[in-house]
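Data first, discussion second: the structure below is written as structure tokens.
In this note's numbering, the protein residues as written are 2 to 179.
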């Protein structure tokens, strides 16, 4: 949406005909009072008032981004809004442009959600691997240790049977984990 106003009486000299489709604000309402373009935003996001416009120097601009709710559809939209103060034919004019950034904002939000999901998945994976590493190490250490004892006690049949029974139990536990 583009619009051009005079700075003295803020008379609308041009406004793009897509304003009602894009913002949901009737063209006639903007022609009656151009500040409706900013009153539609949340108070903490309002761009400028008449005082700020009066203080602007020719050649300067004010750029802001903000959320709007389409007046007709109720859809939440994001815009980059730029207000330029220029001199045309020795007369100060205000040019306003609204650039729809809704798709960019939606993509940004989707990426943020995907990042959050990936971080939770990564934390879950790390916790799982940490737990599994511990759960696997315990029976594996028992197998290794009992094999060492088995070698040491190879001449004692009763100890060999006890060690092999424990190795079998630890191996089955390990196999169950895997």
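Heads up, the beta-carbon is just placed ideally off N, CA and C, and yes, glycines get one too.
Next item on the list: Pick out the complete beta strand (DSSP E) segments inside the segment 90-172, 3 residues or longer, and give them in chain order.
Entry: 92-101
Next item on the list: Within its chain, find whatever has a CB closer than 7 Å to the CB of residue 141; leave out the 5 residues flanking it on each side and keep chain order.
Entry: On the chain shown, position 140 is the one that residue 141 refers to. Same-chain partners within the cutoff: 175.
Next item on the list: Verify whether the separation of the beta carbon atoms of residue 8 and residue 93 is less than 8 Å.
Entry: Indexing the chain shown from 1 puts residue 8 at position 7. Indexing the chain shown from 1 puts residue 93 at position 92. Yes, they are a contact pair.
Next item on the list: Measure from the alpha carbon of residue 19 to the alpha carbon of each residue in 151, 112, 107 and 99, then state which is nearest.
Entry: Position 18 of the chain shown, counted from the first residue, corresponds to residue 19. Out of 151, 112, 107 and 99, 99 has the C-alpha closest to the C-alpha of residue 19.
Check: What separation, rounded to the nearest whole angstrom, lies between the Cα atoms of residue 158 and residue 177?
Finding: For the purposes of this step, residue 158 is identified with residue 157 of the chain shown, where counting begins at 1. For the purposes of this step, residue 177 is identified with residue 176 of the chain shown, where counting begins at 1. Approximately 28 Å between the Cα atoms of the pair.
Next item on the list: Taking residue 96 as the reference, give the member of 87, 104 and 22 with the closest Cα.
Entry: Locating residue 96 in the chain shown gives position 95, counting from the first residue. It is 87.
Notebook entry, point to check: Going by other Cβ atoms of all chains shown within 10 Å of its Cβ, with 16 needed for buried, is residue 135 buried or exposed?
Noted result: Residue 135 sits at position 134 when you count from the first residue of the chain shown. Counting Cβ neighbours within 10 Å, residue 135 comes out exposed, since fewer than 16 surround it.
Next item on the list: Under the assumption that residue 31 contacts residue 16 (Cβ atoms under 8 Å), give the Cβ distance between them as a whole number of angstroms.
Entry: The count along the chain shown starts at 1 and reaches residue 31 at position 30. The count along the chain shown starts at 1 and reaches residue 16 at position 15. Going by Cβ atoms, the distance from residue 31 to residue 16 rounds to 6 Å, so yes, they are a contact pair.
Check: Which stretch, first to last residue, makes up the beta strand (DSSP E) that contains residue 20?
Finding: Position 19 of the chain shown holds residue 20. Unbroken run through residue 20 is the alpha helix (DSSP H), 20-24; no beta strand (DSSP E).
Check: Are the beta-carbon atoms of residue 80 and residue 105 separated by less than 8 Å?
Finding: The residue you call residue 80 lines up with position 79 of the chain shown. The residue you call residue 105 lines up with position 104 of the chain shown. Cβ distance not < 8 Å, so residue 80 and residue 105 don't count as in contact.
Note to self: According to DSSP, is residue 2 part of a helix, a strand, or is it coil?
What the structure shows: Looking up residue 2 in the chain shown gives position 1. Three-state result, residue 2: coil.
Check: According to DSSP, is residue 82 helix, strand or coil?
Finding: Against the chain shown, residue 82 aligns to sequence position 81. In the structure shown, residue 82 sits in a strand (DSSP, three-state: E or B).
Check: Between 122, 28, 56 and 23, which lies nearest to residue 84 when the distance is taken from Cα to Cα?
Finding: What you label residue 84 is simply residue 83 of the chain shown in a count that begins at 1. Comparing Cα-Cα distances from residue 84 to each of 122, 28, 56 and 23, the minimum goes to 56.
Margin query: Since residue 35 and residue 2 should fall inside the 8 Å C-beta cutoff, what is the C-beta to C-beta distance between them, to a whole number of angstroms?
Written below: On the chain shown, residue 35 is found 34 positions in, with the first residue counted as 1. On the chain shown, residue 2 is found 1 positions in, with the first residue counted as 1. Actually they are not in contact, since the Cβ atoms of residue 35 and residue 2 sit about 12 Å apart, beyond 8 Å.
Checklist line | Pick from 25, 125 and 162 that is closest to residue 73, judged by C-alpha positions | finding: In the chain shown, counting from the first residue as 1, residue 73 sits at position 72. When only C-alpha atoms are compared, the closest one is 25.
Margin query: Among the candidates 53, 71 and 10, whose CA atom is the shortest distance from the CA of residue 63?
Written below: Taking the chain shown and counting its residues from 1, the one referred to as residue 63 is at position 62. Checking every option, the nearest Cα to that of residue 63 belongs to 53.
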